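K.L.:
Chains as they are written, first to last, in the numbering used here: chain P, 127 to 753; chain S, 5 to 341. Just passing along the structure, written as structure tokens.
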Amino acid sequence: MSDTAPQSSNVKVDGQTGVGKGPIQELDSVTIRFAGDSGDGMQLTGTQFTNTSAIIGNDIATFPDFPAEIRAPAGSLPGVSGFQINFSSHEVRTPGDAPNVLVAMNPAALKVHLRDLEKFGILIVNTDAFNEINLKKANYTSNPLQDGSLASYRLFEIPITKLNAEALKDLPITKKEIDRCKNFFALGVMYWMYNRTSEPTIRWIDSKFGKNPNIAEANKRSLKAGFNYGETAEIFTHKYNVAQAKLAPGMYRQITGNQAVALGLVTGAQLARKTLVYCSYPITPATDILHDLSAMKNFDVKTFQAEDEIAAVGAAIGASFGGQVGVTGTSGPGLALKAEAIGLAIMAELPLVIVNVQRAGPSTGMPTKTEQADLLQAMFGRNGESPLAVLAPATPGECFFYAMEAMRIAIKYMCPVILLTDGYLANGAEPWLIPSLESFKKFEVKHLVDAKSFQPYQRDEKTLSRPWVMPGTKGLEHRIGGLEKQDITGNISYDPANHEKMVKFRAAKIERITQEIPPIELCGANSGKVLVLGWGNTYGAITTAVEALQKEGHKVSSAHLRFLNPFPKDLGQLFSRFDKVLIPEVNMGQLRMLIRSRYLVDAIGYNKVQGLPIKIEEIKKAIEELL
Amino acid sequence: MSDVALTKEEFVSDQEVRWCPGCGDYAILSTVQRLAPKLGIPRENFVFVSGIGCSSRFPYYMNTYGFHTIHGRALTIATGLACARPELSVWVVTGDGDCLSIGGNHFIHCMRRNVNLNVLMFNNRIYGLTKGQYSPTSELGKKTKSTPYGSIEQPINAISMALACEATFIARSFDVHTVHLSEVLQKGAEHKGISFVEIYQNCNIFNDGAFKPITERDVRDERILELKHGEPMLFGPEKKKGIQLVDNAPKVVTLGENGITEKDILVHDETGSNPAIAYMLSRMDYPEFPVPMGIFRSVSRPTYEQMLSDQVESVKTQKGQGDLMKLLKGSETWEVK
Chain P
127 MSDTAPQSSN VKVDGQTGVG KGPIQELDSV TIRFAGDSGD GMQLTGTQFT NTSAIIGNDI
187 ATFPDFPAEI RAPAGSLPGV SGFQINFSSH EVRTPGDAPN VLVAMNPAAL KVHLRDLEKF
247 GILIVNTDAF NEINLKKANY TSNPLQDGSL ASYRLFEIPI TKLNAEALKD LPITKKEIDR
307 CKNFFALGVM YWMYNRTSEP TIRWIDSKFG KNPNIAEANK RSLKAGFNYG ETAEIFTHKY
367 NVAQAKLAPG MYRQITGNQA VALGLVTGAQ LARKTLVYCS YPITPATDIL HDLSAMKNFD
427 VKTFQAEDEI AAVGAAIGAS FGGQVGVTGT SGPGLALKAE AIGLAIMAEL PLVIVNVQRA
487 GPSTGMPTKT EQADLLQAMF GRNGESPLAV LAPATPGECF FYAMEAMRIA IKYMCPVILL
547 TDGYLANGAE PWLIPSLESF KKFEVKHLVD AKSFQPYQRD EKTLSRPWVM PGTKGLEHRI
607 GGLEKQDITG NISYDPANHE KMVKFRAAKI ERITQEIPPI ELCGANSGKV LVLGWGNTYG
667 AITTAVEALQ KEGHKVSSAH LRFLNPFPKD LGQLFSRFDK VLIPEVNMGQ LRMLIRSRYL
727 VDAIGYNKVQ GLPIKIEEIK KAIEELL
Chain S
5 MSDVALTKEE FVSDQEVRWC PGCGDYAILS TVQRLAPKLG IPRENFVFVS GIGCSSRFPY
65 YMNTYGFHTI HGRALTIATG LACARPELSV WVVTGDGDCL SIGGNHFIHC MRRNVNLNVL
125 MFNNRIYGLT KGQYSPTSEL GKKTKSTPYG SIEQPINAIS MALACEATFI ARSFDVHTVH
185 LSEVLQKGAE HKGISFVEIY QNCNIFNDGA FKPITERDVR DERILELKHG EPMLFGPEKK
245 KGIQLVDNAP KVVTLGENGI TEKDILVHDE TGSNPAIAYM LSRMDYPEFP VPMGIFRSVS
305 RPTYEQMLSD QVESVKTQKG QGDLMKLLKG SETWEVK
């Protein structure tokens with residue numbers, strides 16, 4: 127087991143001795159993947175490692191990757207759950223391409239994840255799980271720990287199950303409960319190896335299991351046992367350190383995209399001085415937003431778990447009609463079901479926010495895997511000419527700001543706004559600079575009360591939006607609905623010219639939203655050989671790849687869209703300044719189709735639809751082919 | 005609300021009513037327009053929400069707030085509205101297709117939640133707006149444009165269904181008996197929680213005379229059992245006939261025959277906690293039985309939106325009004341200097 131192979135591109139050995147033995151090797155950034163059975167607690171292990179790394183000042187990005195089955199058969203390949211974290215002493219924008227370290231709790235986890243581990247990467251396995259039954263379940267014909275197939279990795283074999291059981295043997299808890307703690311043994315080993323404090327996790331254990339002292343004690347002991355094992359066992363020659371990252375000063379927390387959406391919606395509703403009425407039907411990967419908001423009732427949040435997706439959007443529309451802010455959250459299949467009702471909100475010209483946390487489709491697809499393939503559904507998935515605004519945050523933290531922005535625009539322009547996030551943003555975590563409340567302006571919300579000048583479809587000159595009247599306002603009683611409206615009066619109209627006029631009004635109103643869009647920020651020079659255009663979760667990989675190529679002297683720039691409908695005003699003029707335009711997407715080329723048809727640009731796609739985010743290296747290679 | 009003195013005319017909108025001449029909907033509209041001013045609710049607090057179908061044009065003709073929505077979804081939109089604005093008087097106008105077919109799922113859940121809505125379901129046992137296909141309440145064997153050889157579907161009994169869904173106010177009336185209809189609707193409007201009123205309504209174009217055998221003036225007394233709380237279930241022109249419970253099943257008996265007296269007749273109790281008798285009544289149909297009209301059930305339960313608001317208030321009391329900055333910070337923060 128040689129320890130000489132570089133773990134990352136930037137290794138320096140500073141000769142210091144760690145607490146105990148062996149030198150501490152300074153590393154620039156490390157990517158670890160924890161993998162095990164869905165019942166092994168890998169998501170929790172990863173989250174704890176992330177939390178601790180964030181608190182000690184690393185920049186982080188995470189990628190939880192788990193099966194849709196809650197508990198697939200133990201030891202089986204489909205039951206493998208993974209959590210990848212990239213922690214660094216500089217800014218990181220992705221959870222890392224190939225992990226430097228793989229912790230595999232059983233043969234199935236090894237089988238599924240080994241292919242991603244970098245060459246000479248650190249491989250830590252729980253040898254106790256490598257029995258005949260588990261090997262068979264993972265389709266191994268021979269034990270990889272013995273057949274030499276792992277020779278090109280730095281293999282560390284640890285009997286985690288036994289060591290953990292030994293450490294907890296005198297506690298009055300069941301065997302099963304003891305076994306459940308073994309993930310914290312593994313976590314302890316990793317804390318030792320990467321020179322992290324166990325304090326944040328111990329605090330977490332106390333708050334989580336405070337009422338059950340035996341379980342709390344067991345988890346703490348497992349964690350310590352793992353840590354001490356690293357310290358005393360004669361198998362590790364090094365421990366590593368990843369220094370604090372130089373992040374912008376301020377107060378930070380860790381945030382996932384779903385958490386950020388929930389916080390953004392609450393903040394938006396407060397800025398609008400409205401009750402947030404969040405109506406949703408549980409669907410992976412959007413459900414956490416409902417969970418979070420349903421616990422925030424003291425922020426004037428009303429949550430409604432509807433009987434189905436249609437009822438959820440219907441109730442949200444009803445709430446908006448009532449003068450509060452109606453929001454519905456879902457994923458692709460749910461968006462399909464909501465289509466007709468969204469059309470109603472377009473016709474009735476009411477504010478409505480639809481959060482679509484995209485997942486791999488079509489149909490049920492791969493519920494826990496990410497994809498960006500609902501863009502065209504968001505744009506066009508309704509009957510008739512039915513434009514609406516489409517916004518897409520690029521990072522978990524941005525989900526906060528764009529949830530707020532979606533609400534502000536929906537109110538200002540009296541229209542539905544679809545916020546497109548995805549499973550990767552929703553579950554991925556990053557450190558988040560907590561914004562100050564003073565930095566937010568209160569939303570301008572007008573409810574007409576003057577009966578004399580009132581016409582239900584009289585439009586505001588600047589926004590083309592119609593007045594938002596609260597039922598209960600005396601003298602302004604009126605009727606709206608899904609039938610075509612006569613301009614100004616809002617009465618039912620089948621007049622041919624009026625219909626065309628109204629279709630154009632609804633489109634022009636959405637186009638007016640361009641006045642809300644800030645100028646495009648280019649990463650790189652404003653002309654060159656290749657422009658990489660992205661949206662949503664590809665931001666980290668694109669920006670990192672483009673910056674790397676710029677350092678190599680290549681004339682490549684990137685731009686990332688947060689407004690997908692309407693497009694920013696200054697988008698069109700960008701294309702002529704670059705020889706080629708590359709659009710990487712986790713779909714078959716949906717933004718590319720929109721860009722090509724709108725701007726007649728011969729944009730080139732880099733498309734990957736494997737339920738996984740695109741890697742930095744993949745984008746780099748795709749750009750290099752165009753240089 | 006004592007200053008609310010309104011007239012029927014104030015509830016008539018400026019829109020021309022476009023139902024077919026002779027449609028039962030006219031009588032219902034006029035009844036509601038006459039009833040509304042009596043309810044002591046300011047006109048601006050009324051909202052009529054509808055789905056799609058002939059009946060769903062209703063909101064356009066009421067000079068109140070109104071929302072003509074999409075097929076089957078009126079109950080969902082009304083639910084959201086009631087949750088957001090519990091002080092409003094929200095009415096849902098729907099039909100047998102809108103409510104029980106495409107909107108069937110929402111019907112189930114809206115009833116059980118006890119949202120404070122007045123649901124008026126016009127039942128004409130036909131699809132009128134699409135020009136004459138069978139509906140979920142059409143009788144077995146019904147010949148329509150889409151069932152030229154007769155319907156092979158068992159119809160839904162809306163009252164039975166509402167009972168099964170734990171609705172707290174369930175009633176039936178019919179279009180042409182406007183006095184009865186008005187009484188039932190008034191009680192429904194005064195009821196806190198969901199009120200579901202099935203209104204037999206004649207479609208004179210596609211299903212003319214569907215309820216004629218029971219609603220015609222000359223046979224009405226004989227074929228309709230008017231349910232009155234606390235009173236024996238008597239019917240017939242001279243109230244000589246009644247419903248007796250024999251072996252847990254209803255039986256039509258005649259006072260004076262076989263020693264039957266009024267004491268043997270079932271007394272209607274709309275407030276009973278056990279819905280079994282109400283369910284039994286909902287199964288009674290002509291010609292075997294007279295058709296019950298009136299309030300099948302009226303029980304009290306907290307409304308959905310009240311509980312929703314109460315929960316918000318109680319969490320505020322426990323935790324205090326939410327502190328946004330604290331919320332944004334979450335449970336664990338660290339400072340970068």
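All C-beta atoms, glycine included, are put in the ideal place defined by N, C-alpha and C. These numbers were taken from a predicted model, which means no experiment stands behind them.
Might you give, ordered along the chain, the residues of its own chain that have their beta carbon closer than 6 Å to the beta carbon of S:Ile45, omitting 5 neighbours on each side?
P.N.:
The sequence position of residue 45 of chain S within the second sequence is 41, counting from 1. Counting only Cβ-Cβ distances below 6 Å, and skipping sequence neighbours, we find Ser93.
K.L.:
So the beta strand (DSSP E) P:Phe282 belongs to, where does it begin and stop?
P.N.:
Within the first sequence, residue 282 of chain P is the residue found at index 156, counting from 1. Looking at the DSSP string, the run of the beta strand (DSSP E) that includes P:Phe282 is Arg280 to Ile284.
K.L.:
Which residues in the same chain as P:Gly394 place their Cβ atom closer than 6 Å to its Cβ, once the five residues preceding and following it in sequence are excluded?
P.N.:
As a first step, residue 394 of chain P must be located in the first sequence, where it is residue number 268. If we look at P:Gly394 and ignore the five residues flanking it on each side, its Cβ neighbours are Met530 and Met533.
K.L.:
Tell whether a beta-carbon distance below 8 Å holds between P:Met319 and P:Phe362.
P.N.:
The sequence position of residue 319 of chain P within the first sequence is 193, counting from 1. The sequence position of residue 362 of chain P within the first sequence is 236, counting from 1. Cβ distance < 8 Å, so P:Met319 and P:Phe362 count as in contact.
K.L.:
Kindly indicate which three-state DSSP category P:Ile181 falls into: helix, strand or coil?
P.N.:
Stepping through the first sequence from its first residue, residue 181 of chain P is reached at position 55. P:Ile181 falls in the helix class under three-state DSSP.
K.L.:
Please confirm if the segment 487-497 of chain P is in contact with the segment 351-362 of chain P, defined as three or more CB-CB distances below 8 Å between the two stretches.
P.N.:
Because the criterion of three Cβ pairs below 8 Å is not met, the segment 487-497 of chain P and the segment 351-362 of chain P do not touch.
K.L.:
With respect to the beta strand (DSSP E) encompassing P:Val479, which residues constitute its N-terminal and C-terminal limits?
P.N.:
Within the first sequence, residue 479 of chain P is the residue found at index 353, counting from 1. Run containing P:Val479: Leu478 to Gln484, per the beta strand (DSSP E) assignment.
K.L.:
Going by Cα to Cα distance, which pick from P:Tyr620, P:Leu461, P:Leu648 and P:Gly448 is closest to P:Phe704?
P.N.:
Looking up residue 704 of chain P in the first sequence gives position 578. Nearest C-alpha to P:Phe704: P:Leu648.
K.L.:
Per DSSP, P:Ile618 is paired with what?
P.N.:
For the purposes of this step, residue 618 of chain P is taken as residue 492 along the first sequence, with counting starting at 1. Answer by DSSP bridge pairing, in chain order: P:Lys611.
K.L.:
State the start and end residues of the unbroken alpha helix (DSSP H) segment that holds S:Val295.
P.N.:
As a position in the second sequence, residue 295 of chain S is number 291, starting the count at 1. Premise fails: S:Val295 lies in the beta strand (DSSP E), Val295 to Ser302, not in any alpha helix (DSSP H).
K.L.:
Going along the chain, which residues of its own chain have a beta-carbon closer than 8 Å to the beta-carbon of P:Arg508, five neighbours each way excluded?
P.N.:
Position 382 of the first sequence holds residue 508 of chain P. These residues qualify, in order along the chain: Ala465, Glu466, Ile468, Gly469 and Ile472.
K.L.:
Going by other Cβ atoms of all chains shown within 10 Å of its Cβ, with 16 needed for buried, is P:Lys611 buried or exposed?
P.N.:
Your numbering for residue 611 of chain P matches position 485 in the first sequence. P:Lys611 comes out buried.
K.L.:
Nearest to P:Ala555 by CA position, among P:Gly162, P:Ser164 and P:Gln169, is which residue?
P.N.:
Here residue 555 of chain P refers to the residue found at position 429 of the first sequence. Of the listed residues, the one whose Cα sits closest to P:Ala555 is P:Gln169.
K.L.:
Quick one: grab the DSSP three-state call for P:Gly352.
P.N.:
Looking up residue 352 of chain P in the first sequence gives position 226. Reduced to three states, the DSSP call for P:Gly352 is helix.
K.L.:
From this set, P:Glu258, P:Lys334 and P:Asn367, which residue's C-alpha is nearest P:Pro149's C-alpha?
P.N.:
The count along the first sequence starts at 1 and reaches residue 149 of chain P at position 23. Considering only alpha carbons, the answer is P:Asn367.
K.L.:
Which chain P residues are close to S:Gln325, counting only those with a beta carbon under 7 Å from its beta carbon?
P.N.:
The residue given as residue 325 of chain S occupies position 321 in the second sequence. The answer, in chain order, is Asn424.
K.L.:
Cα separation between P:Lys350 and P:Phe311?
P.N.:
Start at 1 with the first residue of the first sequence, and residue 350 of chain P comes out as number 224. Start at 1 with the first residue of the first sequence, and residue 311 of chain P comes out as number 185. Each residue's Cα considered, the two are about 7 Å apart.
K.L.:
With a threshold of 8 Å between beta carbons, is P:Leu738 in contact with chain S?
P.N.:
Here residue 738 of chain P refers to the residue found at position 612 when the first sequence is read from its first residue. For P:Leu738, the answer is no, since every Cβ of chain S falls outside 8 Å of its Cβ.
K.L.:
Comparing the C-beta of P:Met540 with each C-beta of chain S, is any distance below 8 Å?
P.N.:
As a first step, residue 540 of chain P is located in the first sequence; it is residue number 414 there, counting from the start. False, the Cβ-Cβ gap to chain S never drops below 8 Å.
K.L.:
Answer yes or no: the CB of P:Lys346 versus the heavy atoms of the ligand NAD, is any distance below 7 Å?
P.N.:
For the structure depicted, the ligand NAD is absent and the ligand set is empty, with no information on it obtainable.
K.L.:
Looking at the secondary structure, which residues open and close the beta strand (DSSP E) in which S:Gly26 lies?
P.N.:
Within the second sequence, residue 26 of chain S is the residue found at index 22, counting from 1. Neither: S:Gly26 is in no beta strand (DSSP E) and is coded neither H nor E.
K.L.:
Mind reading off the beta-carbon distance from P:Leu461 to P:Gln503? Whole number of angstroms is fine, and I expect it under 8 Å.
P.N.:
Counted from its first residue, the first sequence places residue 461 of chain P at position 335. Counted from its first residue, the first sequence places residue 503 of chain P at position 377. Right, the Cβ-Cβ distance comes to about 6 Å (below 8 Å), so this counts as a contact.
K.L.:
Quick check for students: name the residue ranges of the alpha helix (DSSP H) that lie wholly in the segment 401-466 of chain P, counting only runs of 4 or more.
P.N.:
Complete alpha helix (DSSP H) runs here, min 4: 413-420 and 435-447.
K.L.:
Within the same chain, show all residues whose beta-carbon is closer than 6 Å to that of P:Ile304, passing over the 5 residues directly before and after it, in chain order.
P.N.:
For the purposes of this step, residue 304 of chain P is taken as the residue at position 178 of the first sequence. Here the set comprises Ala291 and Leu294.
K.L.:
Could you tell me which residues DSSP puts in a beta bridge with P:Met319?
P.N.:
As a first step, residue 319 of chain P must be located in the first sequence, where it is residue number 193. P:Met319 is not bridged to any residue.
K.L.:
Take the Cβ of S:Val250 as the centre, count every other Cβ of all protein chains shown within 10 Å, and call the residue buried at 16 or more, exposed below.
P.N.:
Position 246 of the second sequence holds residue 250 of chain S. So S:Val250 counts as exposed.
K.L.:
From the DSSP output, read off the bridge partner residues of P:Leu67.
P.N.:
Residue numbering for chain P in the displayed model covers 127 to 753; residue 67 of chain P lies beyond these limits and cannot be assessed.
K.L.:
Against chain S, does P:Tyr732 count as a neighbour if the rule is that its beta carbon must be under 8 Å from one of theirs?
P.N.:
Locating residue 732 of chain P in the first sequence gives position 606, where the first residue counts as 1. Answer no: the Cβ-Cβ gap between P:Tyr732 and chain S never drops below 8 Å.
K.L.:
Quick one: using the 10 Å Cβ neighbour count with 16 as the cut-off for buried, is P:Val575 buried or exposed?
P.N.:
Residue mapping note: residue 575 of chain P aligns to position 449 of the first sequence, counting from 1. Label assigned to P:Val575: exposed.
K.L.:
Quick check on P:Ile614: buried or exposed, where buried means 16 or more other Cβ atoms within 10 Å of its Cβ?
P.N.:
Residue 614 of chain P sits at position 488 when you count from the first residue of the first sequence. The residue is exposed, with fewer than 16 neighbouring Cβ atoms inside 10 Å.
K.L.:
Given that P:Thr599 touches chain S, what residues does it touch there, using C-beta distances under 7 Å?
P.N.:
Taking the first residue of the first sequence as 1, we reach residue 599 of chain P at position 473. Result: Glu48.
K.L.:
Report buried or exposed for S:Met329, applying the criterion of at least 16 other Cβ atoms within 10 angstroms of its Cβ.
P.N.:
As a working note, residue 329 of chain S is residue 325 in the second sequence. With fewer than 16 Cβ atoms within 10 Å of its Cβ, S:Met329 is classed as exposed.
K.L.:
In angstroms with no decimal places, state the Cα-to-Cα distance between S:Ala31 and S:His110.
P.N.:
Along the second sequence, read from residue 1 onward, the residue named residue 31 of chain S stands at position 27. Along the second sequence, read from residue 1 onward, the residue named residue 110 of chain S stands at position 106. Looking at the two C-alpha atoms, the distance is approximately 27 Å.
K.L.:
Taking P:Asn509 as the query, report the chain S residues whose CB atoms sit under 7 Å from its CB, ordered along the chain.
P.N.:
The count along the first sequence starts at 1 and reaches residue 509 of chain P at position 383. Result: empty, since nearest Cβ-Cβ is about 11 Å, beyond 7 Å.
K.L.:
Going by beta carbon distance, what residues of the same chain come within less than 7 Å of S:Met115, once the five residues before and after it are set aside?
P.N.:
Counting from one through the second sequence, the residue named residue 115 of chain S turns up at place 111. Closer than 7 Å at Cβ, skipping near neighbours: Ala166, Cys169, Glu170, Ala171, Ile198 and Phe200.
K.L.:
If the criterion is Cβ atoms closer than 8 Å, does the pair S:Leu355 and P:Val392 meet it?
P.N.:
No answer is possible for residue 355 of chain S: it lies beyond the span of chain S, which begins at 5 and ends at 341.
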